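In the UniProt record's numbering, the protein residues as written are 1 to 235.
Heads up, the beta-carbon is just placed ideally off N, CA and C, and yes, glycines get one too.
Quick caveat, the model's predicted, so the values are computed rather than measured.
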Amino acid sequence: MSQLYSNRQLIFSDDNNDKESISVIILETFDTSSSYGLYLWPCSPILAQFIWYNRNDFIGKNILEIGAGTSLPGLVAAKIGAQNVVLCDNPKIDQWLSLITETLKMNSMIADRIRIESLDWCDEKSIDTLIKKYFPSNIDIIIGSDIFFHKKDFETIIALLDKLFLNGNSSVKFIGTIERRSRSTMLKLNHLIGIWNMKLEIIPLSYFNGETIYPNIVAGHDILLFFIMKDNIKE
Numbered sequence: 001m002s003q004l005y006s007n008r009q010l011i012f013s014d015d016n017n018d019k020e021s022i023s024v025i026i027l028e029t030f031d032t033s034s035s036y037g038l039y040l041w042p043c044s045p046i047l048a049q050f051i052w053y054n055r056n057d058f059i060g061k062n063i064l065e066i067g068a069g070t071s072l073p074g075l076v077a078a079k080i081g082a083q084n085v086v087l088c089d090n091p092k093i094d095q096w097l098s099l100i101t102e103t104l105k106m107n108s109m110i111a112d113r114i115r116i117e118s119l120d121w122c123d124e125k126s127i128d129t130l131i132k133k134y135f136p137s138n139i140d141i142i143i144g145s146d147i148f149f150h151k152k153d154f155e156t157i158i159a160l161l162d163k164l165f166l167n168g169n170s171s172v173k174f175i176g177t178i179e180r181r182s183r184s185t186m187l188k189l190n191h192l193i194g195i196w197n198m199k200l201e202i203i204p205l206s207y208f209n210g211e212t213i214y215p216n217i218v219a220g221h222d223i224l225l226f227f228i229m230k231d232n233i234k235e
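So this is what it looks like as structure tokens:
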């Protein structure tokens, strides 16, 4: 394993009840020359906590994580009993493939339910390859933490989701987390959601104990969890 990688264990439990808990090990690198997708961001534990808290909704399901990075939410989904988890990120991100491959070795008990795929949001061929392989019947839920980072990329991501929704079954939805880094963050996202005939639903963190999870990572960050779905009423 590269000396640039460090491991971090995260535990998810119900009110400190060890009988109902899981632990996941992630790898990350703080090499400043590497992509910022290769270390844990505050949005990731929030999405992972939502999956843990609502685990009955994920058991037996097929999950696609886009912009996976360190892949904590996807690993938690596999750990709690998702049937298959597909982890995707941009193949141009240096070290991502090697990092996530090593991560799976650290979580060997769930490695057989996880697939690793390349996905370039701006490459139609990359998107079409993913769709042909996993849609419509092989994906139930799409997840992503803090993928709405640069506002210039928002519409590219929405266009990707639109294409995945069109090729998925009628119940496919995106569950994500976002950090409000400025007042315009949600204004921009909501504007694009309307243009693309989608709808967005914000889920309060208190509904899944998200406001108390890992304060050493999350404290001081304004994070929202939300669903994005196709708005069939408008069509």
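ask   = Going by DSSP, which residues form a beta bridge with R8?
value = I26
ask   = Can you give, in chain order, each stretch of the alpha helix (DSSP H) that sits fully within the region 159-222 and has at least 4 residues?
value = 184-195 and 215-218
inquiry  = Which of the three DSSP states is assigned to K79 in this structure?
reply    = helix
inquiry  = For K152 and K19, I'd like the C-alpha separation in whole angstroms.
reply    = 45 Å
task = Counting only the same chain and skipping the five closest in sequence on each side, list residues whose C-beta sits under 8 Å from that of H150.
result = none
query = With distances taken from CA atoms, which of N54, I93, I139 and N107 is nearest Q9?
reply = N107
ask   = How do the region 49-69 and the region 204-218 stand: do at least 3 beta-carbon pairs fall below 8 Å, yes or no?
value = yes
ask   = If you scan the region 107-161 from start to end, which runs of the beta strand (DSSP E) of 3 or more residues do you find wholly inside it?
value = 114-118 and 141-145
query = Do you know offhand how far I223's Cα is from R183's?
reply = 13 Å
request  = Quick one: measure Cβ to Cβ for P45 and Y214, integer angstroms, because I've assumed they're closer than 8 Å.
outcome  = 5 Å
For D57, the three-state DSSP class (helix, strand or coil) = helix
query = Which one of S21, S145, N190 and N138 has the shortest CA to CA distance from S170?
reply = N138
key: For K105, the three-state DSSP class (helix, strand or coil)   = helix
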